[in-house]
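Student: Last residue of the sequence shown: 1230 in my numbering, with the numbers rising by one and none dropped.
All residues carry an ideal CB built from backbone N, CA and C; glycine is no exception.
This is the structure, below, for whatever I ask next.
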Amino acid sequence: MKTALLIIDVQQGLCEGEGRAFESDAVIARINQVATQARTAHAPVVFIQHETRVGYLEHGSREWQLADGLLAEAGDLRVRKTTPDAFQGTDLDALLKAQGVSELIVCGMHTEFCVDTTIRRALALGYPVTLVSDAHTSAGNAVLTPRLVIEHHNATLTNITSFGPRVLAVASADLVLGA
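Below you can see the structure in the form of structure tokens.
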């Protein structure tokens, strides 16, 4: 089975200001470690960027750019999206199939929106998913702290059985690619 790493919405606009994602600097450091491991294992690294037509996260704006500190390399792939589902209206599935990918590793921002939605869609498309349990984050909301959002999704997504493929939550330090 060939694996690809999806890095979802780790963009400057989500890592600064009032809506800054929880522990974003530490999450970015862990994502960089996972991405280095993926590249070493010759697994495709796919950066997914959310965009709007105007305003916040407008394509090409400073906020739309990959976050400061996130390390991208020339051979990494990019996918632009306009919905929480990285597969909806994009060529992500075709890109993965063309690379021979049959399973995914997922990390990124925001846990309860784009990470969750993309993982559920990946399962529906037949991809088993490894969620890097300490490399996705949220700004939280009026009901849940960011830490609770993260913990809730680590528990909830791993309990979904109806699609067939499953989600396995693994800490970045415990992730092994190419074994």
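Could you round the C-beta distance between Val1194 and Leu1226 to whole angstroms and report it? I think they count as a contact, below 8 Å.
Tutor: Counted from its first residue, the sequence shown places residue 1194 at position 143. Counted from its first residue, the sequence shown places residue 1226 at position 175. Wrong, their Cβ atoms sit about 30 Å apart, outside the cutoff.
Student: With distances taken Cα to Cα, identify the nearest neighbour of Asp1142 among Ser1153, Glu1154, Trp1115 and Leu1128.
Tutor: Counting from one through the sequence shown, the residue named residue 1142 turns up at place 91. Of the candidates Ser1153, Glu1154, Trp1115 and Leu1128, the one whose C-alpha sits nearest the C-alpha of Asp1142 is Leu1128.
Student: Could you tell me the distance, in whole angstroms, from the CA atom of Pro1095 to the CA atom of Gln1116?
Tutor: As a working mapping, residue 1095 is identified with position 44 in the sequence shown. As a working mapping, residue 1116 is identified with position 65 in the sequence shown. Distance between the alpha carbons of Pro1095 and Gln1116: 20 Å.
Student: Any idea which residues DSSP pairs Lys1132 with across the strands?
Tutor: Reading the sequence shown from its first residue, position 81 is the one you call residue 1132. Its beta-bridge partners are His1101.
Student: Keeping to the same chain, check which residues put their C-beta closer than 8 Å to that of Thr1091; ignore five residues upstream and five downstream.
Tutor: By one-based count along the sequence shown, residue 1091 stands at place 40. Hits under 8 Å: Leu1228 and Gly1229.
Student: Taking the alpha-carbon positions, what's the Asn1210 to Val1166 distance?
Tutor: Here residue 1210 corresponds to residue number 159 of the sequence shown, with the count starting at 1. Here residue 1166 corresponds to residue number 115 of the sequence shown, with the count starting at 1. Straight-line Cα distance between these residues: approximately 16 Å.
Student: Evaluate Ala1068 with the Cβ neighbour count: other Cβ atoms within 10 Å of its Cβ, from every protein chain shown; 16 or more gives buried, anything less gives exposed.
Tutor: As a position in the sequence shown, residue 1068 is number 17, starting the count at 1. It is worth fixing the name first, because residue 1068 is Gly in this sequence and not Ala. Per the 10 Å Cβ criterion, exposed.
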